[in-house]
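S.K.: Residue numbers (this note's numbering), protein chains in the order written: chain A, 4 to 291; chain B, 4 to 291. Below you'll find the structure I mean.
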């Protein structure tokens, strides 16, 4: 396993980690200050800054991307809405390509309307079918653009509103369904927050192998989690054995960035951005 | 599938559903008023009332039990603490037998200390090994008492502090590990709240079969869940397709009670107990 104790070269900052403190240009500057060389920006932050300017800033600072957040949200109430969602995913692929991202991360969606508190139905199987069809259609477009799709299985507590793909096994089954010949262009983003609990995790990471693991995200699970979405912990503050999972992931051949992604309304989003980044770097060396 | 629209004979009340309104004797009285003929009491409520008196009340009102809550919490920091946990489980078996319960529900535990906010370690594999050993040891005792053990897989969001058994597949693997010959005496409690998201649910329910399904619990998953533990929904208020799951469970041969178990600090625990029971009965007929 790579030694992270003396260098944070492998650290990537998911820009949501400091989204309440800074806009994208300030985040890029801060990364330069802290010697962070890789980021994973979100579409809304890029749109806020402008795609062209975002690309210029990223290139001017010599930053690489570890991913682009995010495509997905395929299930919808009717064919027109599904087509609109797919078209929006085409634009996400284009943006990811313009920014030089190595992959587009997909949060595939759950029951239509659930994210707004008004689910249109309760048929998770139907949503999963629409996800499969959506990923298959997007894959054709993404292969033309040479943009790999990284399906991110989300914790089962998000099954209703954010993602009906909830285990690594299920995500890999989906990869196999849309890419039976393992021709490439589709794989998974493994975030410890979503998968740490899974008794089949080690076996499924090995199954994924080098060609299917497109991204690796870290944060921590707090034992007194107070909010389902916005109470992620800093690495070392929770119960996830992050080094054990990284060992499996690297054992499968992954050598890419380790992306720090922390949504924390009550704690880290309340602190000065420079303190957050310094803490990320310190914990990257001691707890990842 | 059984028709619940005209009778709530199959309804069992998990007494935690009205634990903030009433103590056990009042709950038993209320069940008699509402024509609820089956309950699943908790150990603390029974202890509060006294085991002998609880048994007398239950028998005097002609109530049956659908389960007894709960044993488990096997992982601990050292051998002495694990032994103490096992001894406490022996007492839970004795109490379940004294009350005439058809099974003892097991919430197996997670990382030692996590429930108190101070996890002793991060090794979920170790905790799972201690659970396997604990269930195996308890099974010997429980078989002597003819008390079936119902392992309840808990939602993955409880992996750290309440249960490191988080899918039905894993629970059934555990049953097979401690009872390879399917000699009986150990099975699962299937609560829709914990398993509804699982893409392998239908297949695993079929695998469980009639002999391994010892209990079936219902409530609902709210799309704006505000608390990880105490914000369960009333059947019909959330996104779980409860009839679909009941169809699978009954298709596997289950004909026992459907136990309503709702922890709801902000809503149902704030309402008059009679209103809660009337609502449970109405929704049992329309949404289960």
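Ideal placement from N, C-alpha and C gives every residue a C-beta, glycine not left out.
(1) Could you list the residues in the segment 163-182 of chain B with a C-beta less than 9 Å from some C-beta on chain A, going in chain order?
(2) Three Cβ pairs or more, each shorter than 8 Å: is that satisfied between the segment 126-139 of chain B and the segment 154-171 of chain B?
(3) Go to residue 124 (chain A), then tell me how far its beta strand (DSSP E) extends in each direction, as first and last residue.
(4) Got a sec, what are the start and stop residues for the beta strand (DSSP E) residue 176 (chain B) sits in?
(5) In chain A, what lies closer than 8 Å to residue 244 (chain B) by C-beta?
(6) With a threshold of 8 Å between beta-carbons, can residue 135 (chain A) be considered close to chain B, or not?
(7) Please decide whether residue 117 (chain A) counts as near chain B, where near means a Cβ-Cβ distance under 8 Å.
(8) Where do the N-terminal and C-terminal ends of the beta strand (DSSP E) with residue 17 (chain A) fall, by residue?
(9) Let me confirm a value: residue 80 (chain A) is counted as buried when at least 16 other C-beta atoms fall within 10 Å, else exposed. Which label applies?
(10) So who's on the other strand from residue 72 (chain A), going by DSSP bridges?
(11) Does the beta-carbon distance from residue 68 (chain A) to residue 122 (chain A) come in below 8 Å?
(12) Would you kindly report the start and end of the unbroken alpha helix (DSSP H) that includes residue 287 (chain B)?
(13) If you draw a straight line from the C-alpha of residue 260 (chain B) to the C-alpha of residue 253 (chain B), how long is it?
(14) My understanding is that residue 78 (chain B) touches residue 120 (chain B), with C-beta atoms under 8 Å, so please give their C-beta distance in whole angstroms.
(15) Do residue 24 (chain A) and residue 276 (chain A) have their beta-carbon atoms positioned less than 8 Å apart in this structure?
(16) Cβ of residue 153 (chain A) within 8 Å of Cβ of residue 192 (chain A)?
(17) For residue 152 (chain A), which beta-bridge partners are listed by DSSP?
(18) Compute the Euclidean distance between the alpha carbons of residue 12 (chain A) and residue 115 (chain B), then round it to the nearest angstrom.
(19) By Cβ distance below 8 Å, which residues in the same chain neighbour residue 9 (chain B) in space, the five residues on each side in sequence not counted?
(20) Kindly list the residues whose CB is nearer than 6 Å to the CB of residue 220 (chain A), restricted to its own chain and excluding five residues on each side of it in sequence; keep chain order.
(21) Taking DSSP as the reference, what is the three-state secondary structure of residue 168 (chain A)?
(22) Excluding the 5 residues flanking residue 258 (chain B) on each side, which residues of the same chain have their C-beta closer than 8 Å to its C-beta?
(23) Measure the C-alpha to C-alpha separation of residue 137 (chain A) and residue 187 (chain A) and round it to an integer number of angstroms.
(24) Answer with yes or no whether the minimum CB distance from residue 235 (chain B) to chain A is below 8 Å.
(25) Sorted by chain position, which residues of the same chain lie with C-beta nearer than 8 Å to residue 244 (chain A)'s C-beta, five sequence neighbours on each side aside?
(26) At 3 residues or longer, what runs of the beta strand (DSSP E) sit wholly inside the segment 189-220 of chain A?
(27) For residue 226 (chain A), which residues of its own chain have a beta-carbon under 8 Å away from its beta-carbon, when the five flanking residues on both sides are left out?
(28) Can you list, in chain order, the residues of its chain with a C-beta nearer than 7 Å to that of residue 18 (chain A)? Leave out the 5 residues immediately preceding and following it.
(29) Can you tell me the Cβ-Cβ gap for residue 102 (chain B) and residue 71 (chain B), rounded? I've got them flagged as a contact below 8 Å.
(30) On a Cα-Cα basis, can you pick out the residue from B:94, B:64, B:50 and B:255 that is closest to residue 213 (chain B)?
(31) Closest by CA to residue 206 (chain B), which one among B:248, B:149, B:285 and B:74?
(32) Hey, how far is the Cα of residue 34 (chain B) from the Cα of residue 74 (chain B)?
(33) Any beta-carbon of chain B closer than 8 Å to the one on residue 159 (chain A)?
(34) Does the beta carbon of residue 202 (chain A) come closer than 8 Å to any beta carbon on chain B?
(35) To be precise: take each residue of the segment 214-232 of chain B, compare its Cβ to all Cβ atoms of chain A, and keep it if any distance is under 7 Å. Which residues remain?
(36) Taking the straight line between their C-alpha atoms, what separation do you get for residue 109 (chain A) and residue 151 (chain A)?
M.R.: In short:
(1) Against chain A - using a Cβ distance shorter than 9 Å - the residues of the segment 163-182 of chain B are 163, 164, 167, 168, 169, 170, 172, 173 and 176.
(2) Flag = yes, the segment 126-139 of chain B and the segment 154-171 of chain B touch.
(3) Sequence index remark: in the first chain, residue 124 (chain A) carries index 121 (1-based). Premise fails: residue 124 (chain A) is in no beta strand (DSSP E) and is neither H nor E.
(4) If you number the second chain from 1, residue 176 (chain B) lands on position 173. Premise fails: residue 176 (chain B) lies in the alpha helix (DSSP H), 171-181, not in any beta strand (DSSP E).
(5) Here residue 244 (chain B) corresponds to residue number 241 of the second chain, with the count starting at 1. Chain A residues near residue 244 (chain B): 125, 126 and 127.
(6) Working through the first chain from its first residue, we reach residue 135 (chain A) at position 132. No, residue 135 (chain A) does not count as interfacial toward chain B.
(7) By 1-based counting over the first chain, the position of residue 117 (chain A) is 114. Nearest CB-CB separation between residue 117 (chain A) and chain B: below the 8 Å threshold.
(8) Within the first chain, the letter at position 14 stands for residue 17 (chain A). Element bounds for residue 17 (chain A): 14-17.
(9) Here residue 80 (chain A) corresponds to residue number 77 of the first chain, with the count starting at 1. Under this definition residue 80 (chain A) is an exposed residue.
(10) By 1-based counting over the first chain, the position of residue 72 (chain A) is 69. Its beta-bridge partners are A:45 and A:108.
(11) Locating residue 68 (chain A) in the first chain gives position 65, counting from the first residue. Locating residue 122 (chain A) in the first chain gives position 119, counting from the first residue. At the C-beta level, residue 68 (chain A) and residue 122 (chain A) stay beyond 8 Å of one another.
(12) Along the second chain, one-based indexing puts residue 287 (chain B) at 284. DSSP places residue 287 (chain B) inside the alpha helix (DSSP H), whose first and last residues are 276-290.
(13) Working through the second chain from its first residue, we reach residue 260 (chain B) at position 257. Working through the second chain from its first residue, we reach residue 253 (chain B) at position 250. Rounded to whole angstroms, the gap between the alpha carbons of residue 260 (chain B) and residue 253 (chain B) is 11 Å.
(14) What you label residue 78 (chain B) is simply residue 75 of the second chain in a count that begins at 1. What you label residue 120 (chain B) is simply residue 117 of the second chain in a count that begins at 1. The C-beta distance from residue 78 (chain B) to residue 120 (chain B) rounds to 16 Å, too long to fall under 8 Å, and the pair is not in contact.
(15) Taking the first residue of the first chain as 1, we reach residue 276 (chain A) at position 273. Taking the first residue of the first chain as 1, we reach residue 24 (chain A) at position 21. In contact: residue 276 (chain A) and residue 24 (chain A) (Cβ atoms closer than 8 Å).
(16) Looking up residue 153 (chain A) in the first chain gives position 150. Looking up residue 192 (chain A) in the first chain gives position 189. Going by C-beta atoms, residue 153 (chain A) is nearer than 8 Å to residue 192 (chain A).
(17) Within the first chain, the letter at position 149 stands for residue 152 (chain A). Bridge partners of residue 152 (chain A): A:107 and A:189.
(18) Position 9 of the first chain, counted from the start, is the residue given in the question as residue 12 (chain A). Position 112 of the second chain, counted from the start, is the residue given in the question as residue 115 (chain B). Using only the alpha carbons, I get a separation of about 35 Å.
(19) Numbered from 1 along the second chain, position 6 holds the residue referred to as residue 9 (chain B). Excluding positions up to five away in sequence, the list reads 288.
(20) Position 217 of the first chain holds residue 220 (chain A). Closer than 6 Å at Cβ, skipping near neighbours: 194, 262 and 264.
(21) Against the first chain, residue 168 (chain A) aligns to sequence position 165. Per DSSP, reduced to three states, the secondary structure at residue 168 (chain A) is coil, with no helix or strand assignment.
(22) The residue you call residue 258 (chain B) lines up with position 255 of the second chain. Closer than 8 Å at Cβ, skipping near neighbours: 5.
(23) As a position in the first chain, residue 137 (chain A) is number 134, starting the count at 1. As a position in the first chain, residue 187 (chain A) is number 184, starting the count at 1. Roughly 17 Å between the two C-alpha positions.
(24) The residue given as residue 235 (chain B) occupies position 232 in the second chain. Proximity of residue 235 (chain B) to chain A, defined by a Cβ-Cβ separation below 8 Å, is not satisfied.
(25) Position 241 of the first chain, counting from 1, holds the residue named residue 244 (chain A). Sequence-distant Cβ neighbours of residue 244 (chain A) in its own chain, meaning closer than 8 Å and more than five residues away, are 199.
(26) Runs found: 189-194.
(27) Here residue 226 (chain A) refers to the residue found at position 223 when the first chain is read from its first residue. Its chain contains 241 and 242 as the residues whose beta carbon lies nearer than 8 Å to that of residue 226 (chain A), once the 5 sequence neighbours on both sides are disregarded; these appear in chain order.
(28) For the purposes of this step, residue 18 (chain A) is taken as the residue at position 15 of the first chain. The residues are 27, 30, 42, 43, 44, 45 and 48.
(29) For the purposes of this step, residue 102 (chain B) is identified with residue 99 of the second chain, where counting begins at 1. For the purposes of this step, residue 71 (chain B) is identified with residue 68 of the second chain, where counting begins at 1. In this structure, residue 102 (chain B) and residue 71 (chain B) form a Cβ contact; the two beta carbons are roughly 6 Å apart against a cut-off of 8 Å.
(30) Taking the second chain and counting its residues from 1, the one referred to as residue 213 (chain B) is at position 210. Considering only alpha carbons, the answer is B:255.
(31) Taking the second chain and counting its residues from 1, one reaches residue 206 (chain B) at position 203. Nearest of B:248, B:149, B:285 and B:74 to residue 206 (chain B), Cα basis: B:248.
(32) Here residue 34 (chain B) corresponds to residue number 31 of the second chain, with the count starting at 1. Here residue 74 (chain B) corresponds to residue number 71 of the second chain, with the count starting at 1. Whole-angstrom Cα-Cα distance: 24 Å.
(33) Within the first chain, numbered from 1, the residue matching residue 159 (chain A) stands at position 156. The Cβ of residue 159 (chain A) sits closer than 8 Å to at least one Cβ of chain B.
(34) Reading the first chain from its first residue, position 199 is the one you call residue 202 (chain A). Interface residue, yes.
(35) Those would be 224, 226, 227, 228 and 231, in chain order.
(36) In the first chain, the residue the question calls residue 109 (chain A) occupies position 106. In the first chain, the residue the question calls residue 151 (chain A) occupies position 148. Approximately 10 Å, taken between the alpha carbons.
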